[in-house]
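Asks: Protein chains in written order, with my numbering: chain A, 16 to 445; chain B, 79 to 317.
Heads up, the beta-carbon is just placed ideally off N, CA and C, and yes, glycines get one too.
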Amino acid sequence: MHEPTTGTTDDLHRYAPTVDTLIVGAASSRGVATDTPGAGAGFMSRRSVLHHIGLGAATVVVAGIAIGSYRVFDNGVLDAGDGRAYDAWANWRDDRTLRGAVAAAILAANPHNTQPWTFHVTSDSIELFADPARRTGTLDSLDREQRIGLGCALENLVLAATARGHRATVTLLPDAADATHIANVNFVDGPPEASSLHDAIGRRHSNRGPYTSTAVADDVLSTLESVSAGLDGVSVRWFTTSADRTTLGALIIDATKAIIDDEQQSKDSFVWFRNNRDDIDTHMDGLTLDAQGLSPMMLAAAKILPATSRTAGDAFWLDQTRTVHTASAAAYGVITVADPDDPVQQLVGGRLLQRVHLAATVAGLGLQHMNQITERIDRDASLSRPSKFATRMDALLAQPDRQALSTFRIGHPVRPGRLSPRRPVSEVTR
Amino acid sequence: MIRTRSQLLTIAGRLGALGAMVGIAAGITQAAIGSRIPNWTGNKAHPVALGLLTVALSISAFVAARTLRTAPPPRNETLTAITLWFAVVAFVCSTTVGRLWAIPGVLVLTAAGVTLTAFGWHHFLSVVAKNWLRGLLGILGALELMMAVSAAPTITVAAGLVAGGALIAAAIQTKPGRQTRVSLLVAASLPFAILTWWTIVTPLLTVVAFVIGVAATRASVVTSVDAGIAAPLDVHSVG
Chain A
16 MHEPTTGTTD DLHRYAPTVD TLIVGAASSR GVATDTPGAG AGFMSRRSVL
66 HHIGLGAATV VVAGIAIGSY RVFDNGVLDA GDGRAYDAWA NWRDDRTLRG
116 AVAAAILAAN PHNTQPWTFH VTSDSIELFA DPARRTGTLD SLDREQRIGL
166 GCALENLVLA ATARGHRATV TLLPDAADAT HIANVNFVDG PPEASSLHDA
216 IGRRHSNRGP YTSTAVADDV LSTLESVSAG LDGVSVRWFT TSADRTTLGA
266 LIIDATKAII DDEQQSKDSF VWFRNNRDDI DTHMDGLTLD AQGLSPMMLA
316 AAKILPATSR TAGDAFWLDQ TRTVHTASAA AYGVITVADP DDPVQQLVGG
366 RLLQRVHLAA TVAGLGLQHM NQITERIDRD ASLSRPSKFA TRMDALLAQP
416 DRQALSTFRI GHPVRPGRLS PRRPVSEVTR
Chain B
79 MIRTRSQLLT IAGRLGALGA MVGIAAGITQ AAIGSRIPNW TGNKAHPVAL
129 GLLTVALSIS AFVAARTLRT APPPRNETLT AITLWFAVVA FVCSTTVGRL
179 WAIPGVLVLT AAGVTLTAFG WHHFLSVVAK NWLRGLLGIL GALELMMAVS
229 AAPTITVAAG LVAGGALIAA AIQTKPGRQT RVSLLVAASL PFAILTWWTI
279 VTPLLTVVAF VIGVAATRAS VVTSVDAGIA APLDVHSVG
């Protein structure tokens with residue numbers, strides 16, 4: 016079907032294979048005529064063979080680079096923290112209205128970056144609701160972490176509204192018939208009051224990377240502790256000595272193992288892990304490789320290589336907990352309350368946790384939330400069985416009237432924390 | 079019944095041009111409202127940049143399609159380049175605008191197939207084999223461009239675009255006696271490799287590009303001498 020039936024002689028000349036086009040490569044043209052016995056019978060010379068091997072090797076290498084390059088392109092290796100899923104971190108100050116305060120609220124710390132909130136904005140109030148679809152299942156059996164995260168969002172909301180000239184009055188759990196109705200925040204006009212905590216909202220990130228061996232100064236810890244002013248019934252307890260850190264670190268490692276061994280908890284955790292850029296752009300939530308505190312080269316390799324399985328991810332998490340998180344913690348902080356199962360204390364504890372994290376950000380410290388112990392305590396409670404983790408934690412606290420609500424580590428970070436994805440305000444307001 | 083190459087090339091040109099025009103529309107749609115129709119546009123993090131890239135590639139496909147219909151018909155080398163470029167555009171754009179590329183993708187790929195049919199597999203393979211190293215260099219340049227459009231911040235994007243463009247230019251410029259120029263062009267990919275060193279891929283790509291670039295120029299020189307052809311005429315270069 017390729018035979019030309021019309022056309023000029025010139026056309027035929029153009030399409031006819033020339034001597035030149037039949038020469039596949041320099042070596043083959045030379046080899047046939049010279050250095051190979053029997054070349055005239057169609058044998059390839061040594062040089063020609065080497066030439067083709069070289070071409071083949073180059074092709075294989077380029078094919079490998081092509082696969083790697085596609086992974087770089089497809090998995091966001093070169094644009095971590097950029098794009099729609101991260102716009103909230105750049106735009107949170109833009110809207111000076113009450114709705115703009117929601118833009119600050121959604122940047123709060125929250126469990127597994129589930130962003131378990133919905134906001135109803137009116138002209139002089141904002142109602143905060145829990146989103147029951149955004150739970151972490153058995154990992155947060157009693158919804159403790161969800162309420163702490165909602166408390167964190169509430170704190171950012173109040174800080175942002177105050178900075179915008181709205182004085183806030185907070186009513187927690189205003190509707191006894193609706194457990195998802197977390198808070199009503201009513202506003203009256205007042206003078207705009209900026210604060211260092213407010214300014215730190217866009218810079219606060221959980222830092223899961225290594226911290227240096229430099230201790231956190233006592234006066235810095237005192238400053239972090241002082242932010243609890245005005246929040247009744249909640250306080251921070253520091254663990255700074257080597258012995259205390261070793262004991263608490265061992266408890267965290269044991270709790271991590273217990274979570275991994277509990278298949279359902281492991282699965283419920285893994286559901287919120289976003290393994291690739293498409294998932295991040297689609298869901299704009301969850302835990303990501305970017306936020307794991309890895310070195311740049313390790314992070315790139317993790318993104319370029321195929322996604323890991325749940326069990327491999329668990330093993331990596333345990334290893335990081337042992338060799339990085341607990342090994343480099345300069346100090347641990349524990350938010351304590353009288354009754355960690357009381358929803359109001361959980362919400363107020365969340366507000367304190369957010370303030371501490373913002374204050375740590377102002378001080379240039381890294382902070383990572385490490386709630387494995389309380390996740391195991393609540394898991395045991397939900398199964399109506401005694402918890403060895405509750406016993407060990409109570410012994411460590413040694414305060415009969417106080418219990419642990421939430422745990423974190425702080426220190427001077429080796430590298431800055433990275434952004435986590437956020438759903439836009441439009442998706443969380445009604 | 080279609081019997082002539084020129085008729086086939088005309089059809090390929092029309093298909094390619096139509097696909098390119100629909101592709102331009104798809105790119106504009108992605109750039110303008112891509113974030114509002116994520117199910118159609120692939121839910122991309124950078125819809126504007128990817129939309130503009132699609133427009134640029136579609137325009138290049140349109141130019142290629144128009145070239146098919148010039149008189150006299152293009153040389154085999156040009157037809158090979160056009161066939162491969164249609165395939166590259168079809169592949170790359172399938173990752174930039176989601177489902178919007180379904181129709182233009184089919185049209186452009188069909189244009190590639192018809193072009194190939196028009197001048198024959200054996201000619202295609204002959205040209206490809208003769209320019210294998212240069213093709214690899216061009217592919218490396220295209221890979222740099224692909225990575226560049228997904229990068230941030232702007233300085234990295236710019237460095238990546240320069241790097242990709244330089245490698246493609248090096249692939250085109252691989253003529254006998256042009257080793258210095260090729261080396262300089264490959265060197266233009268260094269800033270991108272340095273800015274993105276932690277990826278491992280970009281530094282490796284630059285090293286491999288340099289090796290292939292040098293090898294390609296040497297192969298061209300040897301081939302020309304063996305064929306008894308003076309370098310300035312250089313019938314081995316892609317038209």
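If contact means a Cβ-Cβ distance below 9 Å, which residues of the region 164 to 181 of chain B contact chain A?
Replies: Hits within the stretch, in order: T173.
Asks: Using CA coordinates, which residue listed in A:E142, A:D139, A:D155, A:L93 is at the minimum distance from D356 (chain A)?
Replies: By one-based count along the first sequence, residue 356 (chain A) stands at place 341. Of the candidates A:E142, A:D139, A:D155, A:L93, the one whose C-alpha sits nearest the C-alpha of D356 (chain A) is A:D155.
Asks: Assign Q361 (chain A) to buried or exposed, taking buried as 16 or more other Cβ atoms, counted over all protein chains shown, within 10 Å of its Cβ.
Replies: By one-based count along the first sequence, residue 361 (chain A) stands at place 346. Flag for Q361 (chain A) reads buried.
Asks: Pick helix, strand or coil for P358 (chain A), following the three-state DSSP scheme.
Replies: Taking the first sequence and counting its residues from 1, one reaches residue 358 (chain A) at position 343. P358 (chain A): helix per DSSP, three-state reduction.
Asks: For L70 (chain A) and chain B, any beta-carbon pair shorter than 8 Å?
Replies: Sequence index remark: in the first sequence, residue 70 (chain A) carries index 55 (1-based). So, interface residue.
Asks: Rounded to the nearest angstrom, how far is the Cβ of F331 (chain A) from that of T338 (chain A), given a contact under 8 Å?
Replies: On the first sequence, residue 331 (chain A) is found 316 positions in, with the first residue counted as 1. On the first sequence, residue 338 (chain A) is found 323 positions in, with the first residue counted as 1. F331 (chain A) to T338 (chain A), Cβ: 11 Å. No contact.
Asks: Once the 5 residues before and after T49 (chain A) are set aside, which same chain residues still bring their CB inside 8 Å of it?
Replies: Looking up residue 49 (chain A) in the first sequence gives position 34. Note on T49 (chain A): pLDDT 38, under 50, position unreliable in the model; the coordinate value appears next. Excluding sequence neighbours, T49 (chain A) sits near S60.
Asks: Of the residues A:D416, A:H66, A:A95, which one's Cα is nearest the Cα of M312 (chain A)?
Replies: If you number the first sequence from 1, residue 312 (chain A) lands on position 297. When each option's Cα is compared against that of M312 (chain A), the closest is A:A95.
Asks: Would you say M225 (chain B) and F88 (chain A) are within 8 Å of each other, going by their C-beta atoms?
Replies: For the purposes of this step, residue 225 (chain B) is identified with residue 147 of the second sequence, where counting begins at 1. For the purposes of this step, residue 88 (chain A) is identified with residue 73 of the first sequence, where counting begins at 1. Contact: yes.
Asks: Could you tell me how far apart the beta carbons of G83 (chain A) and V279 (chain B) are, in whole angstroms, since I believe they sit closer than 8 Å?
Replies: Locating residue 83 (chain A) in the first sequence gives position 68, counting from the first residue. Locating residue 279 (chain B) in the second sequence gives position 201, counting from the first residue. Rounded, the Cβ-Cβ distance is 4 Å, consistent with contact.
Asks: I need the DSSP call for T234 (chain B), collapsed to helix, strand or coil.
Replies: Mapped onto the second sequence, residue 234 (chain B) falls at position 156. In the structure shown, T234 (chain B) sits in a helix (DSSP, three-state: H, G or I).
Asks: If the criterion is Cβ atoms closer than 8 Å, does the pair I106 (chain B) and V133 (chain B) meet it?
Replies: Locating residue 106 (chain B) in the second sequence gives position 28, counting from the first residue. Locating residue 133 (chain B) in the second sequence gives position 55, counting from the first residue. Yes. Within cutoff.
Asks: Any beta-carbon of chain A closer than 8 Å to the one on S267 (chain B)?
Replies: Position 189 of the second sequence holds residue 267 (chain B). Not an interface residue.
Asks: Answer yes or no: does any C-beta atom of chain B fall closer than 8 Å to that of R437 (chain A)?
Replies: Residue numbering aside, residue 437 (chain A) sits at position 422 when the first sequence is read from its first letter. No, R437 (chain A) lies away from the interface with chain B (no Cβ there is under 8 Å from its Cβ).
Asks: If you run the structure through DSSP and keep just helix, strand and coil, what is A54 (chain A)?
Replies: Sequence index remark: in the first sequence, residue 54 (chain A) carries index 39 (1-based). Low per-residue confidence applies at A54 (chain A): pLDDT is 43, beneath 50, and the placement is therefore not dependable, though the value from the model is reported in the following sentence. Helix, per DSSP.
Asks: Considering only DSSP beta bridges, list what G348 (chain A) is partnered with.
Replies: For the purposes of this step, residue 348 (chain A) is taken as the residue at position 333 of the first sequence. In DSSP, G348 (chain A) forms a bridge with A:W253, A:F423.
Asks: Using the beta-carbon of each residue, which ones in chain B are nearer than 7 Å to R99 (chain A)?
Replies: Indexing the first sequence from 1 puts residue 99 (chain A) at position 84. Per Cβ cutoff of 7 Å: S113, A123.
Asks: Please work out which residues of its chain come closer than 7 Å, Cβ to Cβ, to Q387 (chain A), disregarding the five sequence neighbours upstream and downstream, and give them in chain order.
Replies: What you label residue 387 (chain A) is simply residue 372 of the first sequence in a count that begins at 1. I267, A270, T271, I274, listed in sequence order.
Asks: What three-state label does DSSP hand E142 (chain A) in the structure shown?
Replies: Counting from one through the first sequence, the residue named residue 142 (chain A) turns up at place 127. In the structure shown, E142 (chain A) sits in a strand (DSSP, three-state: E or B).
Asks: Whole angstroms is fine: what's the gap from G426 (chain A)'s alpha carbon to R433 (chain A)'s?
Replies: Residue 426 (chain A) sits at position 411 when you count from the first residue of the first sequence. Residue 433 (chain A) sits at position 418 when you count from the first residue of the first sequence. Distance between the alpha carbons of G426 (chain A) and R433 (chain A): 16 Å.
Asks: So is D233 (chain A) buried or exposed if we call it buried at 16+ other beta carbons inside 10 Å?
Replies: The residue given as residue 233 (chain A) occupies position 218 in the first sequence. With fewer than 16 Cβ atoms within 10 Å of its Cβ, D233 (chain A) is classed as exposed.
Asks: Please classify K318 (chain A) as buried or exposed, where buried requires at least 16 neighbouring CB atoms within 10 angstroms.
Replies: Position 303 of the first sequence, counted from the start, is the residue given in the question as residue 318 (chain A). K318 (chain A) should be labelled buried.
Asks: Give the range of the alpha helix (DSSP H) segment to which N117 (chain B) is assigned.
Replies: Stepping through the second sequence from its first residue, residue 117 (chain B) is reached at position 39. Run containing N117 (chain B): 116 to 119, per the alpha helix (DSSP H) assignment.
Asks: So, is the C-beta of T284 (chain B) closer than 8 Å to a C-beta in chain A?
Replies: The residue labelled residue 284 (chain B) in the question sits at position 206 within the second sequence. Judged by the 8 Å Cβ criterion, T284 (chain B) is not in contact with chain A.
Asks: So, is I233 (chain B) buried or exposed, given that buried needs 16 or more other C-beta atoms within 10 angstroms?
Replies: Counting from one through the second sequence, the residue named residue 233 (chain B) turns up at place 155. It counts as exposed.
Asks: Against chain A, which members of the region 123 to 154 of chain B pass a CB distance test of less than 9 Å?
Replies: Result list: A123, H124, P125, P150, P151, P152, R153, N154.
Asks: Where does the unbroken alpha helix (DSSP H) through L96 (chain B) begin, and where does it stop?
Replies: In the second sequence, residue 96 (chain B) corresponds to position 18, counting from 1. L96 (chain B) -> alpha helix (DSSP H) spans 83 to 111.
Asks: For S267 (chain B), which residues from the same chain have a beta carbon less than 7 Å from its beta carbon, with the 5 sequence-adjacent residues on both sides left out?
Replies: Locating residue 267 (chain B) in the second sequence gives position 189, counting from the first residue. Closer than 7 Å at the Cβ level, and outside the excluded window around S267 (chain B), lie E222, A241, A244, L245, T284, A287.
Asks: Quick check: the Cα distance between F164 (chain B) and L314 (chain A), rounded to an integer number of angstroms?
Replies: What you label residue 164 (chain B) is simply residue 86 of the second sequence in a count that begins at 1. What you label residue 314 (chain A) is simply residue 299 of the first sequence in a count that begins at 1. Their backbone Cα atoms lie some 34 Å apart in a straight line.
Asks: Between the beta-carbon of L157 (chain B) and the beta-carbon of T188 (chain B), is there less than 8 Å?
Replies: Start at 1 with the first residue of the second sequence, and residue 157 (chain B) comes out as number 79. Start at 1 with the first residue of the second sequence, and residue 188 (chain B) comes out as number 110. Result no, Cβ atoms of L157 (chain B) and T188 (chain B) do not sit closer than 8 Å.
Asks: Within 8 Å (strictly less), CB to CB, does T297 (chain A) reach chain B?
Replies: Here residue 297 (chain A) is taken as the residue at index 282 of the first sequence, counted from 1. Yes, because at least one Cβ of chain B sits closer than 8 Å to the Cβ of T297 (chain A).
Asks: Please identify the residue among B:L128, B:G291, B:H124, B:W276 whose C-alpha is closest to the C-alpha of Q257 (chain B).
Replies: In the second sequence, the residue the question calls residue 257 (chain B) occupies position 179. The candidate whose alpha carbon is nearest that of Q257 (chain B) is B:G291.
Asks: Does A229 (chain B) come within less than 8 Å of chain A when only Cβ atoms are used?
Replies: Position 151 of the second sequence, counted from the start, is the residue given in the question as residue 229 (chain B). So, interface residue.
Asks: Compare the C-alpha of R150 (chain A) against each of A:T227, A:D283, A:E278 and name the closest.
Replies: Within the first sequence, residue 150 (chain A) is the residue found at index 135, counting from 1. Measuring from the Cα of R150 (chain A), the nearest candidate turns out to be A:D283.
Asks: For chain B, is any of its Cβ atoms less than 8 Å away from the one on P225 (chain A)?
Replies: As a first step, residue 225 (chain A) must be located in the first sequence, where it is residue number 210. So no, P225 (chain A) is outside the interface.
Asks: Closer than 7 Å by C-beta to A248 (chain B): which residues in its own chain qualify, once you throw out the five before and the five after it? Chain order, please.
Replies: On the second sequence, position 170 is the one that residue 248 (chain B) refers to. Only L215, V260, L263, V264, G291 meet the Cβ criterion.
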